[in-house]
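Line order of the protein sequences matches chains X and R.
Numbering-wise (our numbering), the first sequence opens with residue 224 and increments by one.
Numbering-wise (our numbering), the second sequence opens with residue 224 and increments by one.
The beta carbon of each residue, even a glycine, is placed where N, CA and C say it ideally should be.
Bear in mind the structure is a predicted one, so any value in this text is a computation, not a measurement.
Protein chains: 2
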Amino acid sequence: MLAPRDKLIEDFGLFFEQYGMPRIFGRMYGLLLVTDAPHLSLEQIANELNISKASASTMARQLQAMYIVEKSTVPGDRRDYYRAADGHHIKTVQMKLNASLALSALIQRGARLEGLSPPTRKRLKSMEHFYNRVAVLIDNFFENYREPEEVEHEAPPARRTKPSRSR
Amino acid sequence: MLAPRDKLIEDFGLFFEQYGMPRIFGRMYGLLLVTDAPHLSLEQIANELNISKASASTMARQLQAMYIVEKSTVPGDRRDYYRAADGHHIKTVQMKLNASLALSALIQRGARLEGLSPPTRKRLKSMEHFYNRVAVLIDNFFENYREPEEVEHEAPPARRTKPSRSR
DNA sequence: CATTTCGTTCAGTATTGACTGAACGAAATG
DNA sequence: CATTTCGTTCAGTCAATACTGAACGAAATG
Numbered sequence: 224m225l226a227p228r229d230k231l232i233e234d235f236g237l238f239f240e241q242y243g244m245p246r247i248f249g250r251m252y253g254l255l256l257v258t259d260a261p262h263l264s265l266e267q268i269a270n271e272l273n274i275s276k277a278s279a280s281t282m283a284r285q286l287q288a289m290y291i292v293e294k295s296t297v298p299g300d301r302r303d304y305y306r307a308a309d310g311h312h313i314k315t316v317q318m319k320l321n322a323s324l325a326l327s328a329l330i331q332r333g334a335r336l337e338g339l340s341p342p343t344r345k346r347l348k349s350m351e352h353f354y355n356r357v358a359v360l361i362d363n364f365f366e367n368y369r370e371p372e373e374v375e376h377e378a379p380p381a382r383r384t385k386p387s388r389s390r
Numbered sequence: 224m225l226a227p228r229d230k231l232i233e234d235f236g237l238f239f240e241q242y243g244m245p246r247i248f249g250r251m252y253g254l255l256l257v258t259d260a261p262h263l264s265l266e267q268i269a270n271e272l273n274i275s276k277a278s279a280s281t282m283a284r285q286l287q288a289m290y291i292v293e294k295s296t297v298p299g300d301r302r303d304y305y306r307a308a309d310g311h312h313i314k315t316v317q318m319k320l321n322a323s324l325a326l327s328a329l330i331q332r333g334a335r336l337e338g339l340s341p342p343t344r345k346r347l348k349s350m351e352h353f354y355n356r357v358a359v360l361i362d363n364f365f366e367n368y369r370e371p372e373e374v375e376h377e378a379p380p381a382r383r384t385k386p387s388r389s390r
């Protein structure tokens with residue numbers, strides 16, 4: 224059986240694979256999240272994940288381009304090291320927001336098409352409205368979000384249990 | 224040159240392709256969004272998008288599984304019709320929320336690993352906290368979201384212009 | 001019961017994309 | 001200037017997946 228830590232790394236791989244990313248993308252991310260070392264060299268990563276140095280190099284650059292990971296160096300050492308970027312999770316959600324806005328823009332283009340029937344136009348407008356509201360919401364959230372002073376045993380957020388809202 | 228409507232459908236294809244979905248997935252979605260018809264048959268879809276009936280069938284089922292599209296029928300007609308599901312955009316965002324929660328769960332597992340150094344554990348905890356806060360936020364939003372009475376010329380949401388927050 | 005008209009399934013193809021090993025260039029080191 | 005040690009690039013392989021056409025089954029219709 225796999226050690227819990229290695230199992231977790233595999234699950235990171237599977238999770239991101241679900242969303243269209245390469246499996247080793249998730250594995251590398253997971254590894255950098257749970258490692259105690261301040262950063263890992265390309266070779267360490269390649270060894271730990273049993274992947275080629277070439278793959279490690281490529282993935283590291285991809286993760287970096289997404290602001291999830293950052294390069295770090297040590298004086299007198301020619302190697303590149305990588306670590307999970309500070310606050311990368313925040314940036315990640317922000318980028319999802321941007322994707323929503325891009326989709327919203329597409330929908331807006333739809334709403335502006337000539338010759339649409341009023342109901343169709345209305346539906347597109349209402350979708351556009353929704354996405355804009357979400358955008359504002361997230362935006363405000365980031366405006367106000369602060370790190371908590373000390374994170375205790377955090378209770379998982381209480382989810383509404385299926386609204387069953389009267390309709 | 225492509226008609227604006229067809230160009231838009233192509234752009235839907237490209238957009239979703241960007242996020243790992245099949246291109247015709249986005250095209251079909253786009254088509255169903257901008258069509259004035261109350262719904263389209265598999266054959267109409269296949270013809271309009273120049274894809275095989277087999278592809279149309281498969282994609283329609285996939286879109287349906289994601290609650291984006293729904294089947295509809297007419298009495299005395301054996302054909303299946305499809306249309307953009309009412310409120311599908313809301314469900315879509317909700318599913319993204321669930322994905323965030325799943326990731327949060329993975330991170331939580333990380334935070335619970337044995338033998339982690341305090342800084343590592345703290346970082347994971349703080350990420351977990353962040354994702355939980357986002358979850359609550361979105362959840363509350365859905366709790367309160369209502370369709371606007373009449374959607375006017377909607378002004379695009381004012382984004383903060385790069386915080387440039389003092390640090 | 002033969003025929004038509006649907007949708008789905010299935011085998012096959014073609015394209016994409018993940019991943020590798022080896023070659024390469026750049027920088028240090030002796 | 002030869003050697004070592006990095007990272008990246010590139011050609012190539014292998015697996016996954018998008019898509020098709022044809023076959024099929026189910027339901028209607030005559």
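Please tell me whether ILE330 of chain X and MET282 of chain X are closer than 8 Å, where the distance is taken between their beta carbons. Taking the first residue of the first sequence as 1, we reach residue 330 of chain X at position 107. Taking the first residue of the first sequence as 1, we reach residue 282 of chain X at position 59. Cβ distance not < 8 Å, so ILE330 of chain X and MET282 of chain X don't count as in contact.
HIS312 of chain R vs MET350 of chain X beta-carbon contact at 8 Å: Translated into the one-based positions of the second sequence, residue 312 of chain R becomes position 89. Translated into the one-based positions of the first sequence, residue 350 of chain X becomes position 127. It is a contact, given that the beta carbons lie within the stated cut-off.
Across which residues does DSSP place ARG306 of chain R in a beta bridge pair? What you label residue 306 of chain R is simply residue 83 of the second sequence in a count that begins at 1. The partner list for ARG306 of chain R (beta bridge, DSSP) reads R:GLU293.
Best match in R:PHE239, R:ALA260, R:SER275 for proximity to LEU286 of chain R [C-alpha to C-alpha]: As a first step, residue 286 of chain R is located in the second sequence; it is residue number 63 there, counting from the start. For the residues R:PHE239, R:ALA260, R:SER275, the minimum Cα distance to LEU286 of chain R belongs to R:PHE239.
Runs of alpha helix (DSSP H) lying entirely within the segment 233-273 of chain X, each at least 4 residues, in chain order: 246-257, 265-272
Short of 7 Å Cβ to Cβ, which residues in the segment 270-292 of chain R face chain X? none
With 16 as the cutoff for other CB atoms within 10 Å, does THR296 of chain R come out buried or exposed? Translated into positions along the second sequence, residue 296 of chain R becomes position 73. It is exposed - the Cβ of THR296 of chain R has fewer than 16 other Cβ atoms within 10 Å.
I need the straight-line Cα distance from GLY299 of chain X to PRO261 of chain X, nearest angstrom please. Residue 299 of chain X sits at position 76 when you count from the first residue of the first sequence. Residue 261 of chain X sits at position 38 when you count from the first residue of the first sequence. Whole-angstrom Cα-Cα distance: 17 Å.
How would you call ALA279 of chain R, buried or exposed, if buried means at least 16 neighbouring beta carbons within 10 angstroms? Here residue 279 of chain R is taken as the residue at index 56 of the second sequence, counted from 1. Result: buried.
Beta-carbon proximity of LEU336 of chain X to TYR354 of chain X, cut-off 8 Å: Counted from its first residue, the first sequence places residue 336 of chain X at position 113. Counted from its first residue, the first sequence places residue 354 of chain X at position 131. Not in contact: LEU336 of chain X and TYR354 of chain X (Cβ atoms no closer than 8 Å).
Taking CB distances under 8 Å as the criterion, tell me whether MET350 of chain X reaches chain R. Locating residue 350 of chain X in the first sequence gives position 127, counting from the first residue. At least one chain R Cβ lies under 8 Å of MET350 of chain X.
Partners in chain X for ASN340 of chain R, counting only beta-carbon separations shorter than 8 Å: One-based indexing of the second sequence puts residue 340 of chain R at position 117. Asn is not the amino acid found at residue 340 of chain R; the sequence shown has Ser there. Those within 8 Å of SER340 of chain R in chain X are ASP259.
Could you check what DSSP says for LEU339 of chain R in three-state terms: helix, strand or coil? As a working mapping, residue 339 of chain R is identified with position 116 in the second sequence. Three-state result, LEU339 of chain R: coil.
So with Cβ pairs under 8 Å, would you call PRO227 of chain X a contact of chain R? Within the first sequence, the letter at position 4 stands for residue 227 of chain X. Judged by the 8 Å Cβ criterion, PRO227 of chain X is in contact with chain R.
Classify ALA277 of chain X as helix, strand or coil using the three-state DSSP reduction. Counting from 1 along the first sequence, the entry for residue 277 of chain X is found at position 54. Note: ALA277 of chain X maps to helix in three-state DSSP.
Exposed or buried, which one is TYR305 of chain R when buried takes at least 16 other CB atoms within 10 Å? For this step, residue 305 of chain R is matched to residue 82 along the second sequence. Flag for TYR305 of chain R reads buried.
Rounded separation between LYS345 of chain X and GLY243 of chain X - CA only: Counting from 1 along the first sequence, the entry for residue 345 of chain X is found at position 122. Counting from 1 along the first sequence, the entry for residue 243 of chain X is found at position 20. Looking at the two C-alpha atoms, the distance is approximately 33 Å.
Other residues of its chain near ILE361 of chain X: CB distance less than 6 Å, five sequence neighbours each side excluded: Here residue 361 of chain X refers to the residue found at position 138 when the first sequence is read from its first residue. Result list for ILE361 of chain X: LEU320, in chain order.
Go ahead and pull the three-state DSSP assignment for ASP300 of chain R. To locate residue 300 of chain R, count along the second sequence from 1; it is residue 77. Of the three classes helix, strand and coil, the one that applies to ASP300 of chain R here is coil, per DSSP.
Considering Cα atoms alone, identify which of X:GLU233, X:MET289, X:ASP309 is closest to ASN475 of chain X. What is shown of chain X runs 224 to 390, which leaves residue 475 of chain X out entirely.
Only counting the same chain, and skipping five residues up and downstream in sequence, which positions put a Cβ closer than 8 Å to that of PHE364 of chain X? Here the question's residue 364 of chain X lines up with position 141 in the first sequence. The answer is none, since no qualifying residue turns up.
Own chain partners of ALA358 of chain R with C-beta closer than 8 Å, once the 5 adjacent residues on each side are dropped: Along the second sequence, one-based indexing puts residue 358 of chain R at 135. Here the set comprises LEU320, SER323, LEU324, SER327.
Name the residue from X:GLY236, X:LEU265, X:GLU271 whose alpha carbon lies nearest to the alpha carbon of ARG284 of chain X. Residue mapping note: residue 284 of chain X aligns to position 61 of the first sequence, counting from 1. When each option's Cα is compared against that of ARG284 of chain X, the closest is X:LEU265.
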